[in-house]
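2 protein chains.
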Amino acid sequence: MSMSKMNTSDEEGWIGYGLKIAQHRLRLRLEAELAGTGVSPSQNAVLLAIADNPRISNASLARAAFVTPQSMQGMLVTLERDGFIVRTPHPEHGRIIMTELTEAGRTAAQAGMIAAEAVERQMLAGLTDDETKLLRELLRRCADALDSDN
Amino acid sequence: MSMSKMNTSDEEGWIGYGLKIAQHRLRLRLEAELAGTGVSPSQNAVLLAIADNPRISNASLARAAFVTPQSMQGMLVTLERDGFIVRTPHPEHGRIIMTELTEAGRTAAQAGMIAAEAVERQMLAGLTDDETKLLRELLRRCADALDSDN
DNA sequence: ACATTAATGTCAGGCCCCTGATAATGTCAA
DNA sequence: TTGACATTATCAGGGGCCTGACATTAATGT
Chain A
1195 MSMSKMNTSD
1205 EEGWIGYGLK
1215 IAQHRLRLRL
1225 EAELAGTGVS
1235 PSQNAVLLAI
1245 ADNPRISNAS
1255 LARAAFVTPQ
1265 SMQGMLVTLE
1275 RDGFIVRTPH
1285 PEHGRIIMTE
1295 LTEAGRTAAQ
1305 AGMIAAEAVE
1315 RQMLAGLTDD
1325 ETKLLRELLR
1335 RCADALDSDN
Chain B
1195 MSMSKMNTSD
1205 EEGWIGYGLK
1215 IAQHRLRLRL
1225 EAELAGTGVS
1235 PSQNAVLLAI
1245 ADNPRISNAS
1255 LARAAFVTPQ
1265 SMQGMLVTLE
1275 RDGFIVRTPH
1285 PEHGRIIMTE
1295 LTEAGRTAAQ
1305 AGMIAAEAVE
1315 RQMLAGLTDD
1325 ETKLLRELLR
1335 RCADALDSDN
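Heads up: the sequence lines are chains A and B, in that order. Residue numbering for the first sequence follows our numbering, starting at 1195 and increasing by one per position. Residue numbering for the second sequence follows our numbering, starting at 1195 and increasing by one per position.
Written out as structure tokens, the structure is:
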């Protein structure tokens, strides 16, 4: 594989690989941190989004999480089945269904926020403030370069 | 949202979020680039791993891809069903099943390699060589900080 | 007013990844 | 040899994401 191509900056493999590893471990750590709450990392993100934006619609949640409405629909069905949210039709807009946290949902969201902050802190423990800021900027520039409709 | 919290380096949200966005767009771009080959990004990664390591076992592939043997098992079943690989029992070891590329698999792997390189280039188009090297190092340090068994 | 378009919610089906469980095959020490 | 342990492969079931297809409602243009 790749026999001595020491031309530019290809040392030690692709950035896409490092990206995958970092997010893989981030997910594992967050799963472990959320073990007591009964929600997955993805579900936790949805609960936090609802906490920040009550009575939000399925489509809006999907856009916020960068997933399709069908994917978010599946998550909301599960979250409602498990008692973390309730979904009620919009009083005026006949088609929108509002999603709100239950008491269990608020409890889980609060614990999930603490868990997410703890994992983020652990991930950045070895970085200085300047390095953290730089990393965020580099990631944003990579994402921008990959944007389909730039 | 986020009303002026200019304390340290928390500007513009979490690194975990930026990580998710970058990998999301990377996956979308790679899916588009692989559209003609009939394989997904995950399948492409498996084909490349087999190309680099013929007669590899399911368990070894799973370790290389950081997934469980059960997950890899599902992918191999699909790849064999679609004619990209063949799986034959190991002549000596009795339990191991060797995985090898078919002619279609080799063709797809070659096209997939080109596609992956193209997407990587696009992602890093706006970064200097030094910035690329720094990004790779920062990602590695983040992954190390999250390692369970460090 | 009417037709077209956009937005929303939903069902069905598939892929990728996970945990739990099972079975068969090395491997190695007592 | 035998028994404990590790490795490998696999089945079953679930979560999270996707595309395709559909129906309903809102918004818009003529």
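Beta carbons are placed, not taken as given, at the ideal position from N, Cα and C, and that holds for glycine.
Secondary structure in the region 1211–1249 of chain B: the alpha helix (DSSP H) runs of 4 residues or longer, each lying completely within the stretch, are 1235–1246 in chain order.
At a cut-off of 9 Å between beta carbons, A/LEU1340 contacts chain B. For A/ILE1291, no alpha helix (DSSP H) run applies; the uninterrupted beta strand (DSSP E) run containing it begins and ends at 1291–1295, by DSSP. Beta-bridge partners of B/VAL1280 (DSSP): B/GLU1294. The criterion of a C-beta distance shorter than 9 Å is not satisfied by A/LEU1222 and B/CYS1336. Note that the region 1286–1305 of chain A touches the region 1236–1249 of chain A; at least 3 beta-carbon pairs, one per stretch, sit closer than 8 Å.
Closer than 8 Å at the C-beta level to chain A, one finds these residues of the region 1321–1334 of chain B: LEU1321, ASP1323, ASP1324, GLU1325, THR1326, LYS1327, LEU1328, LEU1329, ARG1330, LEU1332, LEU1333 and ARG1334. From the listed residues B/ALA1298, B/ARG1330 and B/ALA1245, the smallest Cα separation to B/GLY1230 is found for B/ALA1298. Listed along chain A are TRP1208, ILE1209 and GLY1210, each with a C-beta nearer than 8 Å to that of B/GLU1314. The Cβ neighbour count for A/PHE1278, taken over all protein chains shown within 10 Å, is at least 16; the residue is labelled buried. By the neighbour-count criterion, in which 16 or more other beta carbons inside 10 Å mark a residue as buried, B/GLU1227 falls on the buried side. Here A/PRO1263 carries a helix assignment [DSSP, helix/strand/coil].
A/VAL1313 is a Cβ neighbour of A/LEU1220, given a cutoff of 9 Å. The C-beta distance from A/LEU1224 to A/ALA1303 rounds to 14 Å, too long to meet the 8 Å contact threshold. Residues of the same chain with a CB within less than 7 Å of the CB of A/PRO1263, apart from the 5 flanking positions on each side, are ASN1252, ALA1253 and ALA1256 in chain order. Ranked by Cα distance from A/TRP1208, the first of B/PRO1283, B/GLY1212 and B/ARG1315 is B/ARG1315.
Look at B/THR1322 here: in three-state DSSP terms it is coil, with no helix or strand label. Taken through DSSP and simplified to helix, strand or coil, A/GLY1288 comes out as coil. For B/LEU1318, the CB contacts under 7 Å within the same chain, skipping 5 residues up- and downstream, are THR1326 in chain order.
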